[in-house]
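Just so you know, the sequences run in chain order X and D. Numbering of the first sequence is given in full-length UniProt numbering, commencing with residue 1 and proceeding in unit increments. Numbering of the second sequence is given in full-length UniProt numbering, commencing with residue 1 and proceeding in unit increments. Beta carbons are placed, not taken as given, at the ideal position from N, Cα and C, and that holds for glycine. Being a predicted model, the structure only gives us computed values, none of them experimental. Shown next, in structure tokens, is the structure this report addresses.
Number of protein chains: 2
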Amino acid sequence: MADGPTINTIAERAGVSIASVSRVLNGLPTRQETERKVLKAAEELGYVRNAVARSLKSRRTNQVAFAMADVGNPAYLAMLRQIQPVLKAAGYRLVLHSTDAVAADEIDVLHSLGERYVDGLIMSPLRVTDAHLEMLAAARAPVVIIGSVPEGTPVDNVRADSRTGVRLAVHHLYALGRRRIAMVNGPIDTVPGAARGAAYREALENLGLPYDDDLVQIGDFYRAEGARAVAELLARVPDVDALMCANDLIALGALDVLRAAGRRVPDDVAVVGMDDTDLAAASWPSLTSVSLGSAERGKVAAELLLERLRGGDSEPRVVTVAPRLAVRASTAGPAYEGASDGSDRKEGGA
Amino acid sequence: MADGPTINTIAERAGVSIASVSRVLNGLPTRQETERKVLKAAEELGYVRNAVARSLKSRRTNQVAFAMADVGNPAYLAMLRQIQPVLKAAGYRLVLHSTDAVAADEIDVLHSLGERYVDGLIMSPLRVTDAHLEMLAAARAPVVIIGSVPEGTPVDNVRADSRTGVRLAVHHLYALGRRRIAMVNGPIDTVPGAARGAAYREALENLGLPYDDDLVQIGDFYRAEGARAVAELLARVPDVDALMCANDLIALGALDVLRAAGRRVPDDVAVVGMDDTDLAAASWPSLTSVSLGSAERGKVAAELLLERLRGGDSEPRVVTVAPRLAVRASTAGPAYEGASDGSDRKEGGA
DNA sequence: CACCACACCGTAAACGTTTACAGATGTTGG
DNA sequence: CCAACATCTGTAAACGTTTACGGTGTGGTG
Numbered sequence: 001m002a003d004g005p006t007i008n009t010i011a012e013r014a015g016v017s018i019a020s021v022s023r024v025l026n027g028l029p030t031r032q033e034t035e036r037k038v039l040k041a042a043e044e045l046g047y048v049r050n051a052v053a054r055s056l057k058s059r060r061t062n063q064v065a066f067a068m069a070d071v072g073n074p075a076y077l078a079m080l081r082q083i084q085p086v087l088k089a090a091g092y093r094l095v096l097h098s099t100d101a102v103a104a105d106e107i108d109v110l111h112s113l114g115e116r117y118v119d120g121l122i123m124s125p126l127r128v129t130d131a132h133l134e135m136l137a138a139a140r141a142p143v144v145i146i147g148s149v150p151e152g153t154p155v156d157n158v159r160a161d162s163r164t165g166v167r168l169a170v171h172h173l174y175a176l177g178r179r180r181i182a183m184v185n186g187p188i189d190t191v192p193g194a195a196r197g198a199a200y201r202e203a204l205e206n207l208g209l210p211y212d213d214d215l216v217q218i219g220d221f222y223r224a225e226g227a228r229a230v231a232e233l234l235a236r237v238p239d240v241d242a243l244m245c246a247n248d249l250i251a252l253g254a255l256d257v258l259r260a261a262g263r264r265v266p267d268d269v270a271v272v273g274m275d276d277t278d279l280a281a282a283s284w285p286s287l288t289s290v291s292l293g294s295a296e297r298g299k300v301a302a303e304l305l306l307e308r309l310r311g312g313d314s315e316p317r318v319v320t321v322a323p324r325l326a327v328r329a330s331t332a333g334p335a336y337e338g339a340s341d342g343s344d345r346k347e348g349g350a
Numbered sequence: 001m002a003d004g005p006t007i008n009t010i011a012e013r014a015g016v017s018i019a020s021v022s023r024v025l026n027g028l029p030t031r032q033e034t035e036r037k038v039l040k041a042a043e044e045l046g047y048v049r050n051a052v053a054r055s056l057k058s059r060r061t062n063q064v065a066f067a068m069a070d071v072g073n074p075a076y077l078a079m080l081r082q083i084q085p086v087l088k089a090a091g092y093r094l095v096l097h098s099t100d101a102v103a104a105d106e107i108d109v110l111h112s113l114g115e116r117y118v119d120g121l122i123m124s125p126l127r128v129t130d131a132h133l134e135m136l137a138a139a140r141a142p143v144v145i146i147g148s149v150p151e152g153t154p155v156d157n158v159r160a161d162s163r164t165g166v167r168l169a170v171h172h173l174y175a176l177g178r179r180r181i182a183m184v185n186g187p188i189d190t191v192p193g194a195a196r197g198a199a200y201r202e203a204l205e206n207l208g209l210p211y212d213d214d215l216v217q218i219g220d221f222y223r224a225e226g227a228r229a230v231a232e233l234l235a236r237v238p239d240v241d242a243l244m245c246a247n248d249l250i251a252l253g254a255l256d257v258l259r260a261a262g263r264r265v266p267d268d269v270a271v272v273g274m275d276d277t278d279l280a281a282a283s284w285p286s287l288t289s290v291s292l293g294s295a296e297r298g299k300v301a302a303e304l305l306l307e308r309l310r311g312g313d314s315e316p317r318v319v320t321v322a323p324r325l326a327v328r329a330s331t332a333g334p335a336y337e338g339a340s341d342g343s344d345r346k347e348g349g350a
């Protein structure tokens with residue numbers, strides 16, 4: 001792994017100055033003869049431009065960072081899938097950060113923006129603390145936040161609308177004739193937990209249905225926890241006829257328990273998940289799920305960031321992505337089984 | 001976004017030379033008084049070290065690239081999930097490349113290694129062409145290949161063992177009393193397709209079962225294609241009692257068709273998938289699947305690369321990761337339903 | 001023939017660090 | 001009081017580019 005050639009090596013071999021080499025390599029006007037010599041030398045030496053030196057001089061790295069809480073989380077992966085091609089098309093490399101849902105790590109990432117190893121950042125923070133806001137205000141490169149950020153924070157901001165999402169789902173269930181609609185939520189001290197819980201309550205009110213504490217069950221955002229929560233719920237309110245689950249894993253847990261209890265889905269109990277992950281289409285019965293547009297949010301965030309990088313210095317923008325209800329068999333019955341929505345993705349192996 | 005402070009700014013403010021500043025910031029021995037002044041100035045200015053300049057001088061970027069065919073592919077994501085923490089713990093950033101399964105893009109990535117924007121590369125190529133081998137031989141930074149690479153290629157190499165994997169599955173089916181074991185494969189001109197097809201044939205031979213062309217159905221690695229293939233297969237050989245599917249998506253398609261046809265799983269037909277993705281545990285019945293150790297391969301690859309980066313210049317190493325059969329309900333029946341294997345992962349949303 | 005315009009090229013400085021080397025300062029011992 | 005030495009600090013070069021600026025040679029014009 002010997003030291004590679006530099007423009008100096010080329011200049012020497014071609015008998016010209018390094019300035020000429022640089023000009024040729026950057027397509028600036030040069031005499032044909034010089035160009036020929038330089039290209040020949042470069043070719044023979046197998047020259048490749050040093051990106052680090054170039055970045056130092058040009059003050060651009062052509063890299064963008066994406067910081068997410070957890071590489072294992074399907075919602076973030078959906079974002080990643082959309083972000084990647086947008087950046088790639090614009091000639092940017094993608095640096096991935098997983099903050100393991102630790103706020104200090106998120107602050108770290110923000111801080112490291114000062115190292116200027118990237119030109120910009122897309123971040124989806126778990127929750128937004130004062131420390132976050134402080135760092136964001138002082139950020140030395142453009143940042144786009146996926147999630148909600150207070151009015152006045154000087155960054156672009158792409159939001160989901162879980163309130164409308166939950167409403168869509170609850171109205172859907174209502175339209176199917178369900179009147180005992182329960183909510184199976186995750187911890188309510190998390191951002192999504194709180195938002196989804198409130199949205200559920202609001203949606204009921206909207207429909208003129210009574211809010212019943214017995215119909216709300218708190219668990220956690222995992223399959224096993226979801227199952228446990230639903231078991232409790234069933235014991236307490238046997239006449240429940242629909243479950244609004246705060247994410248897809250909880251909903252899968254619900255399906256497990258309902259099957260074990262001999263309740264038919266959706267005939268006896270309809271089930272709705274949230275996030276519309278790949279799992280929703282894969283389960284059986286396939287799962288009706290509220291998409292909060294993770295993919296779309298990723299795409300929009302990438303586009304906003306690119307605009308900033310191109311020099312747009314407009315006011316910070318806020319984009320809210322509309323939720324969508326993916327209706328499948330767990331509410332609408334077997335007719336909707338296998339209704340493809342393009343989420344059938346290749347997987348190989350090696 | 002004004003120009004940030006540099007060590008020059010600090011030096012001026014603290015009344016010392018830039019050399020002293022650098023020394024303090026790198027923890028080299030310095031007089032207390034100087035150290036104090038420098039740290040104070042740095043603090044007040046909100047100084048952050050410029051990573052690009054540092055990289056240029058030190059010839060290390062503290063970045064490592066991972067190139068995969070497709071960000072949407074669960075097998076690669078499993079690798080990513082393991083690679084990320086290993087690199088992070090060692091202080092490396094992760095640059096992600098998605099080559100969209102285009103060989104030219106893979107070559108590009110290899111070529112761009114010469115730009116020295118990363119210290120090393122982990123790559124899982126779709127297939128290995130002569131162009132790949134040429135670039136690998138000339139690579140200007142350590143590379144670890146996930147997949148198989150010919151003897152003599154000067155890079156570390158982490159392999160799956162699909163032959164043993166398929167054998168495990170077929171033997172499992174045999175042990176359950178199945179004798180008409182079909183294979184539903186993807187295109188046989190792909191690396192995994194060819195390997196899995198051959199392994200199936202070999203496993204049958206091994207067990208003294210006859211190889212029957214009628215029992216082999218070629219489709220593609222998607223759910224809908226899998227379903228189509230299985231439908232054809234069922235029409236042709238109604239007495240089939242087990243399906244060895246070349247990946248999980250095909251297997252999900254198989255479950256769809258079998259359910260529609262009124263065949264019970266596993267009572268009438270047992271089904272095995274491959275890759276053991278999250279989908280396997282989520283489906284119903286849950287899917288027995290051959291894990292080729294994507295996660296493990298990612299982890300090993302990252303560790304091998306780190307060793308190289310630490311200066312190990314041993315002979316190229318080849319590590320083969322053992323496959324594992326995750327037995328679930330689609331072969332072993334309801335008793336195995338919900339048998340957790342730790343793949344129950346948190347998902348939030350925001 | 002003198003002069004100018006022009007195209008091309010080379011010199012050198014700059015980007016922000018790290019570090020070899022030599023100079024400055026202070027300490028110790030004779 | 002000076003030599004010898006240790007300790008700390010500053011100067012300058014280097015990493016590999018890009019680019020402003022001025023110099024050179026050519027051809028054309030008056």
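Residue i, DSSP secondary structure in three states
{"i": "Leu176(X)", "result": "coil"}
{"i": "Gly46(D)", "result": "coil"}
{"i": "Asp267(D)", "result": "coil"}
{"i": "Gly186(D)", "result": "coil"}
{"i": "Asp212(D)", "result": "coil"}
{"i": "Gly253(X)", "result": "helix"}
{"i": "Arg159(D)", "result": "strand"}
{"i": "Arg36(X)", "result": "helix"}
{"i": "Leu234(D)", "result": "helix"}
{"i": "Thr99(D)", "result": "coil"}
{"i": "Gly165(X)", "result": "helix"}
{"i": "Leu28(X)", "result": "coil"}
{"i": "Val71(D)", "result": "coil"}
{"i": "Arg345(X)", "result": "Here the model assigns Arg345(X) a pLDDT of 46, short of 50, so the residue's position is not dependable, and the following value carries that caveat. Reduced to three states, the DSSP call for Arg345(X) is coil."}
{"i": "Arg93(X)", "result": "strand"}
{"i": "Gly273(D)", "result": "strand"}
Cut-off 8 Å between Cβ atoms - residues of its own chain near residue i, not counting five sequence neighbours on either side
{"i": "Gly15(D)", "result": "Lys37"}
{"i": "Ala270(D)", "result": "Leu173, Leu176, Arg178, Asp241, Ala242, Leu243, Thr288, Ser330, Thr331"}
{"i": "Arg13(D)", "result": "Ala41, Glu44, Leu45"}
{"i": "Ala224(X)", "result": "Gly253"}
Where residue i meets chain X, residues with beta-carbon distance less than 8 Å
{"i": "His111(D)", "result": "Val48"}
{"i": "Glu84(D)", "result": "A small correction: the amino acid at residue 84(D) is Gln; Glu does not occupy that position in the sequence shown. Within chain X, the residues near Gln84(D) are Val71, Leu96, Ser98."}
{"i": "Arg81(D)", "result": "Val71, Gly72"}
Amino acids of chain X, ordered along the chain, whose beta-carbon sits closer than 7 Å to that of residue i
{"i": "Ser55(D)", "result": "Val52"}
Proximal chain X residues relative to residue i, where beta-carbon distance stays under 9 Å
{"i": "Ala231(D)", "result": "Here the premise fails: no neighbours, minimum Cβ distance about 12 Å."}
{"i": "Arg116(D)", "result": "Gly4, Val48, Asn50, Ala51, Val52, Ala53"}
First through last residue of the beta strand (DSSP E) which encompasses residue i
{"i": "Leu325(X)", "result": "324-326"}
{"i": "Ser291(X)", "result": "288-291"}
{"i": "Thr9(X)", "result": "Run containing Thr9(X): none in the beta strand (DSSP E); it sits in the alpha helix (DSSP H), 7-14."}
{"i": "Ala67(D)", "result": "63-68"}
{"i": "Val318(D)", "result": "318-320"}
{"i": "Ala242(D)", "result": "242-245"}
Sequence-distant residues of its chain with Cβ nearer than 7 Å to residue i (five each side left out)
{"i": "Pro334(D)", "result": "none"}
Proximal residues to residue i (C-beta, below 6 Å), its chain only, five neighbours per side dropped
{"i": "Asp161(X)", "result": "Thr320, Pro323"}
Under 7 Å from the C-beta of residue i: neighbouring residues of chain D
{"i": "Ser283(X)", "result": "Ala282, Ser283, Trp284"}
{"i": "Thr61(X)", "result": "Val52"}
For residue i, the first and last residue of its enclosing alpha helix (DSSP H)
{"i": "Ala198(D)", "result": "191-207"}
{"i": "Arg81(X)", "result": "74-89"}
{"i": "Glu307(X)", "result": "294-309"}
{"i": "Ala329(X)", "result": "329-332"}
{"i": "Arg59(X)", "result": "Looking at the DSSP string, Arg59(X) is not in any alpha helix (DSSP H), and its letter there is neither H nor E."}
{"i": "Ala281(X)", "result": "278-282"}
Per-residue contacts from residue i into chain D (C-beta, under 8 Å)
{"i": "Leu305(X)", "result": "What Leu305(X) touches in chain D: nothing, since even the nearest Cβ is about 14 Å away."}
| request: Quick one: which unbroken alpha helix (DSSP H) runs of 4-plus residues sit fully inside the region 104-144 of chain X? Chain order, please. | output: Counting only runs of 4 or more, we get 130-138.
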